[in-house]
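S.K.: Numbering follows this note's numbering, with no gaps: position 905 of the sequence shown is 1174.
Cβ coordinates follow ideal geometry from the N, Cα and C atoms, glycine included.
Here the structure is a predicted model, which is why all the values come from computation and not from measurement.
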Amino acid sequence: MLYKTMKLLLLVMRVCRSKHNHLNLITLITCLLPLSGAFSQSSTGIELEVNNASLLEIFEELEKQSGYSFALGDSLLTDNQERYSLSVQANTLPDALRKLSPQMDLRFRIEDKTVLVKPRKKELKNTVTRKISGTVTGTESSEPLIGVNIIANASGSGTSTDIQGQFEITVSGQDQYLILTYIGYERKEVPIEGSNLSISLTESQSTLEEAVVIGYGTQNKRDITTAIGTIKRDEITDQPVANFDQAMVGKLAGVQVLQTTGQPGESTTIRIRGVGSVNSGNEPLYVVDGIVMDRSSQALELVDLNDVESIEVLKDASAAAIYGSRGANGVILITTRKGKSGKPQFNYNFSYGWQQLSKKIPMLNAYQYADLARDGHNNAYLADVPTGSVDDPNELRPQGYHRIPPELFPYLEGQPGLTDTDWQDEVYQVAPIQRHSISISGGTDKTKYFISGNYLDQEGIIRNSYYKRYGARMNLESSYDKFKIGINLAPTYSNENQLSTSGPYFDDGIVHNALSSSPVWPVYNPDGSFNFQGNGYWRVGTDYQHNEILNPVAMAELLKNEIDHFNLSGKVYASYDILKNLTYQLSLGGVFNSYNQNYYHPSTLQTRGSSFYDQPSNPISRASSTYYYNWILEHTLKYNIGWEDHHLDFLGGFTAQKNYSNLRRVEATNFPNDLVETVNGGEIIGGSGNIQEWSLLSWLGRVQYQFKDRYLLSAALRTDGSSRFGEDNRYGYFPSASAGWIISSEEFMKPLTLISSMKIRGSYGQTGNFQIGNYEHISRVGPESYIFGPGDGQNANGIVPVNVGNSDLRWEKTEMFDAGLDFGLWRNRIELTIDYYNSITSDLLLNVPVPLTTGFEIARQNIGSVQNRGWEFMLTLRDRYESFSWAVSGNLSVNKNKVLSLGSQGTEIIKTAGTGHSYFITRIGEPIGSYYFLTQDGVFENQQELDEYPHFANTQPGDFRFVDIDGNDTIDVDADRSIVGSYFPDFIYGMRAEISYAGFDLAINLQGTEGNEILNLLRRYNANMEGNFNNTTEALNRWRSPEEPGNGEVNRANRKATGNNGRTSTWHLEDGSYIRIQNIALGYTLPEKWTKRVLVDRLRFYISVQNLYTWTDYSGYNPEVDLYNSDALTPGVDYGVYPLARTYSLGLNATF
270 MLYKTMKLLL
280 LVMRVCRSKH
290 NHLNLITLIT
300 CLLPLSGAFS
310 QSSTGIELEV
320 NNASLLEIFE
330 ELEKQSGYSF
340 ALGDSLLTDN
350 QERYSLSVQA
360 NTLPDALRKL
370 SPQMDLRFRI
380 EDKTVLVKPR
390 KKELKNTVTR
400 KISGTVTGTE
410 SSEPLIGVNI
420 IANASGSGTS
430 TDIQGQFEIT
440 VSGQDQYLIL
450 TYIGYERKEV
460 PIEGSNLSIS
470 LTESQSTLEE
480 AVVIGYGTQN
490 KRDITTAIGT
500 IKRDEITDQP
510 VANFDQAMVG
520 KLAGVQVLQT
530 TGQPGESTTI
540 RIRGVGSVNS
550 GNEPLYVVDG
560 IVMDRSSQAL
570 ELVDLNDVES
580 IEVLKDASAA
590 AIYGSRGANG
600 VILITTRKGK
610 SGKPQFNYNF
620 SYGWQQLSKK
630 IPMLNAYQYA
640 DLARDGHNNA
650 YLADVPTGSV
660 DDPNELRPQG
670 YHRIPPELFP
680 YLEGQPGLTD
690 TDWQDEVYQV
700 APIQRHSISI
710 SGGTDKTKYF
720 ISGNYLDQEG
730 IIRNSYYKRY
740 GARMNLESSY
750 DKFKIGINLA
760 PTYSNENQLS
770 TSGPYFDDGI
780 VHNALSSSPV
790 WPVYNPDGSF
800 NFQGNGYWRV
810 GTDYQHNEIL
820 NPVAMAELLK
830 NEIDHFNLSG
840 KVYASYDILK
850 NLTYQLSLGG
860 VFNSYNQNYY
870 HPSTLQTRGS
880 SFYDQPSNPI
890 SRASSTYYYN
900 WILEHTLKYN
910 IGWEDHHLDF
920 LGGFTAQKNY
930 SNLRRVEATN
940 FPNDLVETVN
950 GGEIIGGSGN
960 IQEWSLLSWL
970 GRVQYQFKDR
980 YLLSAALRTD
990 GSSRFGEDNR
1000 YGYFPSASAG
1010 WIISSEEFMK
1020 PLTLISSMKI
1030 RGSYGQTGNF
1040 QIGNYEHISR
1050 VGPESYIFGP
1060 GDGQNANGIV
1070 PVNVGNSDLR
1080 WEKTEMFDAG
1090 LDFGLWRNRI
1100 ELTIDYYNSI
1110 TSDLLLNVPV
1120 PLTTGFEIAR
1130 QNIGSVQNRG
1140 WEFMLTLRDR
1150 YESFSWAVSG
1160 NLSVNKNKVL
1170 SLGSQGTEII
1180 KTAGTGHSYF
1190 ITRIGEPIGS
1200 YYFLTQDGVF
1210 ENQQELDEYP
1220 HFANTQPGDF
1230 RFVDIDGNDT
1240 IDVDADRSIV
1250 GSYFPDFIYG
1260 MRAEISYAGF
1270 DLAINLQGTE
1280 GNEILNLLRR
1290 YNANMEGNFN
1300 NTTEALNRWR
1310 SPEEPGNGEV
1320 NRANRKATGN
1330 NGRTSTWHLE
1340 DGSYIRIQNI
1350 ALGYTLPEKW
1360 TKRVLVDRLR
1370 FYISVQNLYT
1380 WTDYSGYNPE
1390 VDLYNSDALT
1400 PGVDYGVYPL
1410 ARTYSLGLNA
1420 TF
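#1: Measuring CB to CB, does Pro788 end up less than 9 angstroms from Trp692?
#2: Pick out whichever of Arg399, Ile1127, Ser1048, Ser565 has its Cα sitting closest to the Cα of Asn598.
#3: When the Cα atoms are used, what is the spatial distance from Leu297 to Val696?
#4: List the whole-angstrom C-beta distance separating Gln528 from Gln515, where the pair is believed to meet the contact cut-off of C-beta under 8 angstroms.
#5: Find out if the Cβ-Cβ distance for the pair Leu986, Ala590 is shorter than 9 angstroms.
#6: Taking all protein chains shown into account, decide if Gly1401 is buried (16 or more other Cβ within 10 angstroms of its Cβ) or exposed.
#7: Can you tell me whether Ala928 is buried or exposed, with buried defined as 16 or more other CB within 10 angstroms of its CB?
#8: Which parts of the stretch 518–554 are runs of the alpha helix (DSSP H), unbroken and 4 residues or longer, counting only runs that do not cross its ends?
#9: Could you tell me which of Gly486, Ser838, Tyr1188, Gly611 sits nearest to Tyr1201, measuring between CA atoms?
#10: Which residue comes first and which comes last in the beta strand (DSSP E) that contains Trp1380?
#11: How many Å lie between Leu331 and Leu317 at the Cα?
#12: When you compare the CB positions of Ile709 and Thr1301, do they come within less than 9 angstroms of one another, or not?
#13: Is Val972 closer than 9 angstroms to Ser919 when the C-beta atoms are compared?
#14: Indicate whether Val822 and Arg732 have their beta-carbon atoms separated by less than 9 angstroms.
#15: Please state whether DSSP places Gly1423 in a helix, a strand or coil.
#16: Hey, Asn1281 and Ser1251: beta-carbon distance below 9 angstroms or not?
#17: Please identify the residue among Tyr980, Ile401, Gln443 whose C-alpha is closest to the C-alpha of Gly463.
#18: Taking the alpha-carbon positions, what's the His1337 to Gly729 distance?
#19: Helix, strand or coil for Phe1256? Go by DSSP, reduced to three states.
#20: Quick check for students: name the residue ranges of the beta strand (DSSP E) that lie wholly in the stretch 453–503, counting only runs of 3 or more.
#21: Tell me, which residues are paired with Asp989 by DSSP?
#22: Beta carbon of Thr1036, beta carbon of Gly593: below 9 angstroms?
#23: In the DSSP output, what is Phe1142 paired with across the bridge?
#24: Count the CB pairs spanning the stretch 1390–1410 and the stretch 539–547 that are closer than 8 angstroms, and state whether there are at least three.
#25: The alpha helix (DSSP H) that contains His781, what's its start and end?
#26: Can you tell me whether Lys1361 is helix, strand or coil according to DSSP?
#27: Counting only C-beta atoms, is Val822 closer than 9 angstroms to chain C at any point?
#28: Keeping to the same chain, check which residues put their C-beta closer than 6 angstroms to that of Ile1011; ignore five residues upstream and five downstream.
#29: Rank Thr656, Gly686, Met517, Tyr718 by C-alpha distance to the C-alpha of Phe615 and give the top, closest one.
#30: Under the three-state reduction of DSSP, which class applies to Asp714: helix, strand or coil?
#31: Does the separation of the CB atoms of Asp1245 and Ile1257 fall below 9 angstroms?
#32: Please tell me whether Gly1074 and Ser1048 are closer than 9 angstroms, where the distance is taken between their beta carbons.
#33: What residues in its chain sit with their C-beta under 8 angstroms from that of Leu304, if we drop five residues either side in the sequence?
#34: Can you find at least 3 beta carbon pairs, one from the stretch 1347–1357 and one from the stretch 1291–1298, that sit closer than 8 angstroms?
#35: Suppose only complete runs of 4+ residues qualify. What are the alpha helix (DSSP H) ranges in the stretch 663–716, listed by chain order?
#36: Let me know the secondary structure DSSP gives Gly839 once reduced to three states.
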């Protein structure tokens, strides 16, 4: 007895250690219960309520309630495709089976803990029987498998393995083989040869039966005929990020997730298969649990990372066409967690981390800066006074910019111990981030619930910036008879201090001010107050013409820009099964948003400019308030039917949506002091208000057809009517169709056992884009004021026209063709997906010139078209052996963007951004917003080179050499501009590697791009070699003389640059290619035998690093930067943006 007991305990421990320990343990307990004497059939209550369910779904529910296993024959599975709607209540399982038998036309027989299922009317002709016994083990582990379902193929006789993996079954003369099924393992058919069998099962590698969320429903991954990418929750929960979109980076082919800023709480920029619109927005549509979000920020604030169940990205037009006019840029479907039948399960997730600047830009120290400034002033002096000398004192130099500031002399003399401020060290800090999430879920077969709460506290790596968010979620669903009702509710509240960190120094961008401030100035004065000498001290009295730069630490500490944000998302839905396979659903959902902003610029923070140096500023206060709501009403009807080898699913629906927003803003100044910071403490000097609304009315339909479970067809149509367009073009029609062929299901593929799955698919669809203003189709008027004549000088208020209306405006339309191949080898240990797509967006909404007689220069019209075409590859490798498992997945995406037309004249669009001479061009045959500059080709090292090559009139040795593009021996700032690059990469890629062994798990995520350029406008100041701003250490390689030419790339120092050195050129354009270790996480799950002692089902600890390292040649903070990302015509600008943080964190996941 003791021997058997010890053997049983060892078996329990092996079960707990195996991959499917939770499933095996349940099965083991089920097998042990009859032995304990504590279980009897009479105590088992059965309540079965199913609608439109298959045989397998019904038996899975009965297994869950009764603890019995159900076994049925092959022929019954293949022949019976009927769907059942049943309602049965019984005290015992046998009673329930007696009630089900006539309704399902089946016979049931209980043997031990297995229910054998047979057709009710089918009788066996051959009644000769015999007994077969055997043992079932796992292939990799060789351990016995408990509770494996075993059934004879013809007679339907069945049983299951015991705790030692052994079985005994009675078979008939017609039975040729046994069918073995077990959760987590491949189904296996074993010929009946002999009376004692030794069978091994292989763990399943297939994910083809996973349910994938599509628009207005779900579908098996196996049956998908469109391009859809999926991310599961276990791929993202370990990352120390504020929003779930930041965890999507690099995980899907064709989906570029750009971390353009590190501002706390800020979202990423997501581009799906390129950029297709010029003026109408390129953001994808976000849908959270069926609620369409009008703004991406809503989805990001409303959904906590730990509430996400899955993220699906609809990439091709056929998949997105069900969302019609809003699907042109792709659709991101976020599904949150739902409750499941069973006892309440509590889950707690916690992480705490430390953030630091991920990259520091090497700047000159105070002594190096003084040397650069001296050279700049000296060269400016000698250019104006050729007879002068660098040794001439300031008194002999006629202009202020010829003279060297006296404060630099001690540095030039090399005196030790002088002020040498590293402004990056002063502005950036190590900042904590913590996240808490707790949830409870569970339910019965009729009612299920998921309730969660979360808290995020993120301080920024720039001083005094922060973001805090509090959120909750409740998902409830209940069913009775043919009815089902549910409610989803998610309130969030956030509070942040959003500093002015991005943009150039003259727009008070803290980042650029930190890089530009002279290191000879201290942060604080001796009395502890902030030092503002950089704000014009060298322009008062003698004007040395050093630009005024505010103390960036003072800006961060003194400026206040607090934002309170409240979001409430909710949805109520109800469905009714009208007929056996016909279901109607009504849902009403919406989002309410309240946004309040309070800005205050105190008197202690100087106004930028030498005229304000050493003076208190006039305080400014601004208050703005916005409230917004968006509701959507949906009616849908779903019907499915199957007969013989055919199956059809129908969807029809009607939706109505309305959006309303109300903005109010007021500004005040002339505060007597800084004690009262709200607008009522000062003098009101202005205000504004804005009320807007739009609505959408839609009809939609979709049909999906399967033949022999291998030939797949789908078609959809959506009609949208939008208030944003005139009556003649208010409605748009968006059709789509797709087809697939599962080749691996064909008989001729059966001998090719190497191939586990193979599917080819193709799709075509049309989608729209209505991301334009709400009233652009009509001529509008707006308020304006004017002072008439000499009078009393008072404003006369009135209204004036503000635009040229165009009632012919219509939708931007995107047509996309997609062809794909899904491939699996060696039981899907290797999976490969390949897609080719060609997308053309036409009827672009562009601003075009109009006659000045209209009173305006431009008006919005539909002209032009853009093409995006490319390839996508996703490869996954996975395997396991005993307790060791690994998986590697990678993706690669190639996209080519090209402008096809720009109206009847084909007039190119040239636009500037950030500063003068920074040109972008949109030209037929080229990508949108291509860089359009002079091409810099090194420096003139001596006078001979200068004499032999075209140059500007005032160019000197040491100045830039520009390429003569038109070949006319003259350098012209306009004629010699050319397209020199694009922000769009040649390809993007990502990789994820996972390893698990003996409770340890390791995951690594990589991402990168290749072939994109960035316009680094910081170099116009911080690599200008003028000495009026601090420069990067590139200045150490500058040209000094023909004998000291430097590295041949960096121009000479000159406070008054000659030769157009400061004009934007390829000197300011950099390669933005990079590869980044986006996240690495190492975790350990404690053995269950330890955690059970403290009533914890599962306890896992982990450490994680976000943005560990980036390999790039880009000299700025972040190669993903895109300051003006809302404008497709001017992409890829870096003018000082909040840097990304590297985050080290510790965390735990507990389930109990």
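M.R.: Looking at the atomic coordinates:
#1: yes
#2: Ser565
#3: Caution is warranted here: a pLDDT of 36 is assigned to Leu297, below 50, making its placement in the model unreliable, and no coordinate value can be reported.
#4: Correct: roughly 7 angstroms between the Cβ atoms.
#5: yes
#6: buried
#7: Checking the sequence shown, residue 928 turns out to be Asn, not Ala. Per the 10 Å Cβ criterion, buried.
#8: none
#9: Tyr1188
#10: 1367–1381
#11: 8 angstroms
#12: The Cβ atoms of Ile709 and Thr1301 do not sit closer than 9 angstroms to each other.
#13: The amino acid at residue 919 is misidentified as Ser; the sequence shows Phe. In this structure, Val972 lies closer than 9 angstroms to Phe919 by Cβ.
#14: yes
#15: Nothing about residue 1423 can be read from this structure; the chain reaches only from 270 to 1421.
#16: yes
#17: Answer by Cα proximity: Ile401.
#18: About 29 angstroms.
#19: strand
#20: 457–460, 465–470, 480–483, 486–489, 497–501
#21: Ser967, Gly1001
#22: Closer than 9 angstroms, so yes.
#23: In the DSSP output, where bridge partners are listed per residue, Phe1142 has Ile1103, Leu1161.
#24: yes
#25: 779–785
#26: Lys1361: helix per DSSP, three-state reduction.
#27: Note that chain C does not occur in the displayed structure, where there is just one protein chain.
#28: Arg979, Lys1028
#29: Tyr718
#30: coil
#31: no
#32: yes
#33: Residue confidence is low: Leu304 scores 34 on pLDDT, short of 50, so the model does not pin down where it sits. No coordinate-derived value is stated.
#34: no
#35: 678–681, 692–696, all fully within the stretch 663–716.
#36: Under the three-state reduction of DSSP output, Gly839 falls in the strand class.
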